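Residues -21 to -1, 1 to 594 in mature numbering (1 follows the signal peptide of the UniProt record, and there is no 0) are what the sequence shown spells out, letter by letter.
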Amino acid sequence: MKNAYKLLVMVSLFAFAKAYAQNNTSYWQQHVDYEMEIDMNVKNYQYDGKQKLVYTNNSPETLDRVYYHLYFNAFQPGSEMDVRSRNIADPDGRVKDRISKLGPDEIGFIKVNSLTQDGKKLNYEVAGTVLEVQLAAPIAPGASTTFNMDFKGQVPVQIRRSGRNNKEGVALSMTQWYPKMAEYDFEGWHADPYIAREFHGVWGDFDVKITIDENYTVGGTGYLQDPEGMGHGYAGTSMKPGKNAKRGKLQWHFKAPNVHDFTWAADPEYVHDMIMGENDTELHFFYKNKESIKANWKKLQPMTAGLLAFYNNHVGTYPYKQYSVIQGGDGGMEYAMSTLITGERKFGSLFGVTAHEMAHTWFQFLLASNEAKHEWMDEGFTSYISALAENELTGGDNPNPVAGSYRGYYYLVKSGKEQPQTTHADRYNENMPYSIAAYSKGAVFLAQLGYVIGEDNLKKTLKKYFDDFAFKHPTPNDIKRTAEKVSGMELDWYLTDWTQTTNTIDYGITSVEADGNKTKVTLTRKGLMPMPIDLYVDMADGSQKSYYMPLRMMRAEKPNPTPNITREQLADWPWTNPTYTFTIDAPISKVKMMKIDPTSKMADIDQTDNVWENK
């Protein structure tokens, strides 16, 4: 009995140790709950705020400090955003040197008046757009703590994303307007200064009250509480203030569950329309009461419902019950349950930017990759899926809707300015290589992945990726592993070469020779990045055949992408071998033409030698 007891104890301890090890190395993410109240003065564009933030440390580590983002501080002369814009070779046209010229009543700021942790006063220091905070008591793994803050903000003149009185006259584009807790994950703190790029945030629940002049219509993140009492088109067609107005002001109360940001916009001249989309999702539209744009904004509304249905079907079901398309900002930018876009556009542009920004709800908002480190995952994947959506909803028949992204990538390669996609978004030498690497090369990553694993497997990959990583912070390895699980292929080579290097793909047909009653074909790999090869052959009698050369280190093969054409699977091509020779079982006189990858979805940088014709 004694030995049995010892064995039982040992087994129990082993099981506990194993379970602890698994939990200690498994995925985790932090959690925040915000309660905020602000009072906006629409005359001087300043606001007073109170914030209660409950922070839960789900990490296996004890934290002795935290960081907040103070994004509005970027809009001050001498800020890191200002200095970078004045020194980069190709500054953003919206920024240039404009920040350096802002006066005291035009700058943006967030000033922290007081900050406590569980009632204890904290020491903190402002370092540009980051608030560095030393804790009064460490936050142990699994523990929660409550921060209370009083702060004051000033909305900057509209320059980049946020601001007042944009070029189309929208009064308030309130993005990144509050002290925002920085993300802490398996890599540590992500307290990046706000220089140019986009954002990374902590998942949580937001409860926000905004007090503002009663004539201003407000739209944005979350669900409006008591819409009947607020008016402004929320409970009917009337744009008049509701019964809740007091002494010329309204307090708007929004709740947003399980989001990692909160955005709003306001203007006294907004028109507010609402239609129902798929799964009883309310689609709200806020735009200036201007005759020249009304027709386009009305036409946009059913098309937006079509976009929602497309993304639901091709990626995953939108989990919230409202989404808002709002005129504001300085171009187009995605936020929680909403987007801000400039609205004085031709309809094609208005629909295109809406398609792109709405697609970001799936790629970055729900699949919340770190935009500073993996910008190609959100911009590129969004560019890919929105191109497909636009093509379908406008009745297009483009066999490769992402062709424009391929052209952008080829331009980048020829420019000689390409940097690896692992480059931090703020550390590209210029804006151009950043933009193309993020948007175009990121889109080609997915489109070309379809070439490697097969289009059906790519569709399954996107859906599984959403199912497995929605409401999380996926990394490049996660999309790769998802594709591997779906396809059965080994794809580390693909992720490594495409994103961590500037290696290029370049194959060619270098020799076609008679070999008795057969034809000997030699292909050459001239680029450093290897790929599996599809070669299609047109015979003189009008028949077709394809030849498939798998890449050996894939350890698997893709299904025949053209089942109506007979495919012969050849031996694997080891990536080390610069050439590959095989024979066609027909005399050369019977071979009319052959081509590597007729779909052009393999990003071959020189396709002039991808075709051979028998002349």
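Glycine included, C-beta positions come from ideal geometry on N, C-alpha and C.
Remember, it's a predicted structure, so these values are computed and weren't measured experimentally.
Nearest residue (CA-CA) to residue i, options the options
i, options, result
"Trp156", "Trp168, Ser141, Glu147 and Gly148", "Ser141"
"Asn379", "Ser38, Asn543 and Lys580", "Lys580"
"Met528", "Ala550, Asp520 and Leu94", "Ala550"
"Asn223", "Glu59, Ile189, Leu286 and Met356", "Ile189"
"Gly285", "Met255, Met411 and Asp435", "Met255"
"Asn589", "Arg63, Ser384, Gly487 and Pro70", "Gly487"
"Thr260", "Ala288, Glu248, Phe233 and Ala235", "Ala288"
"Val392", "Trp276, Asp585, Asp171 and Asp446", "Asp585"
"Ile305", "Glu313, Glu409, Ile320 and Tyr299", "Ile320"
"Asp192", "Gly310, Phe233, Lys22 and Thr318", "Lys22"
"Val238", "Met253, Gln301 and Met218", "Gln301"
"Ala116", "Gln96, Ala106, Thr108 and Pro135", "Gln96"
"Thr541", "Met356, Thr578, Glu162 and Thr489", "Thr578"
"Tyr269", "Lys574, Leu42 and Glu147", "The sequence given here has Lys at residue 269, not Tyr. Considering only alpha carbons, the answer is Glu147."
"Trp552", "Pro511, Thr562, Lys464 and Lys574", "Pro511"
"Thr555", "Gln427, Arg139, Thr503 and Phe360", "Thr503"
"Tyr163", "Met153, Thr154 and Val181", "Val181"
"Ala161", "Asp457, Asp205 and Thr108", "Thr108"
"Asn593", "Pro206, Met153, Val500 and Ala245", "Val500"
"Ile78", "Val62, Leu470, Ala244 and Asp447", "Val62"
Under 8 Å between C-beta atoms of residue i and residue j
i, j, result
"Arg73", "Glu350", "no"
"Thr498", "Ala565", "yes"
"Gly87", "Phe54", "yes"
"His48", "Tyr173", "yes"
"Gln25", "Gly132", "yes"
"Leu114", "Arg44", "yes"
"Thr196", "His179", "no"
"Asn410", "Asp69", "yes"
"Glu313", "Thr340", "yes"
"Ala315", "Phe241", "yes"
"Ala338", "Thr361", "yes"
"Pro453", "Ser348", "yes"
Rounded C-alpha distance that separates residue i from residue j
i, j, result
"Gly307", "Val332", "13 Å"
"Gln9", "Tyr46", "13 Å"
"Glu16", "Phe424", "43 Å"
"Trp591", "Ser568", "13 Å"
"Asn194", "Arg226", "12 Å"
"Gln230", "Asn127", "21 Å"
"Trp276", "Tyr266", "8 Å"
"Asp184", "Phe344", "14 Å"
"Pro247", "Ala150", "8 Å"
"Pro538", "Gly467", "11 Å"
"Asn66", "Tyr213", "46 Å"
"Asp494", "Arg531", "26 Å"
"Asp12", "Lys459", "32 Å"
"Gly199", "Glu536", "47 Å"
"His169", "Val250", "38 Å"
"Pro83", "Thr402", "35 Å"
"Gly395", "Met508", "17 Å"
"Asn291", "Gly57", "44 Å"
"Leu514", "Val431", "13 Å"
"Leu(-15)", "Ile484", "Any reading at Leu(-15) must be qualified, since the residue scores a pLDDT of 35, below 50, and its modelled position is unreliable; no value is offered."
"Gly327", "Asp27", "40 Å"
"Val187", "Trp477", "42 Å"
"Lys273", "Met60", "35 Å"
"Glu358", "Gln30", "31 Å"
"Arg406", "Lys574", "39 Å"
"Glu397", "Ser384", "15 Å"
"Arg534", "Val136", "56 Å"
"Gly98", "Val33", "12 Å"
"Ala449", "Ser303", "20 Å"
"Arg143", "Ser152", "6 Å"
Counterpart residues of residue i in DSSP-defined beta bridges
i, result
"Ser525", "Tyr515 and Arg546"
"Asp476", "DSSP, once it has assigned bridges, lists no residue as partnering Asp476."
"Lys451", "Leu346"
"Lys222", "Partner(s): none; Lys222 has no beta bridge."
"Arg44", "Gln113"
"Tyr169", "Note on residue identity: the sequence assigns His, not Tyr, to residue 169. Beta-bridge pairing links His169 to Glu162."
"Ile584", "Its beta-bridge partners do not exist; DSSP assigns none."
"Leu372", "Bridge partners of Leu372: none, in fact."
"Gly199", "Trp243"
"Tyr249", "Lys267"
"Glu592", "Met572"
Checklist line | At least 3 beta-carbon pairs within less than 8 Å: the region 118 to 128 vs the region 33 to 44 | finding: yes
Notebook entry, point to check: Hey, is the region 419 to 433 in contact with the region 377 to 392, meaning 3+ C-beta pairs nearer than 8 Å?
Noted result: yes
Notebook entry, point to check: Three or more C-beta pairs closer than 8 Å, one from the region 438 to 447 and one from the region 293 to 300: is that the case here?
Noted result: Yes, since at least three Cβ pairs between the region 438 to 447 and the region 293 to 300 fall closer than 8 Å, the two stretches touch.
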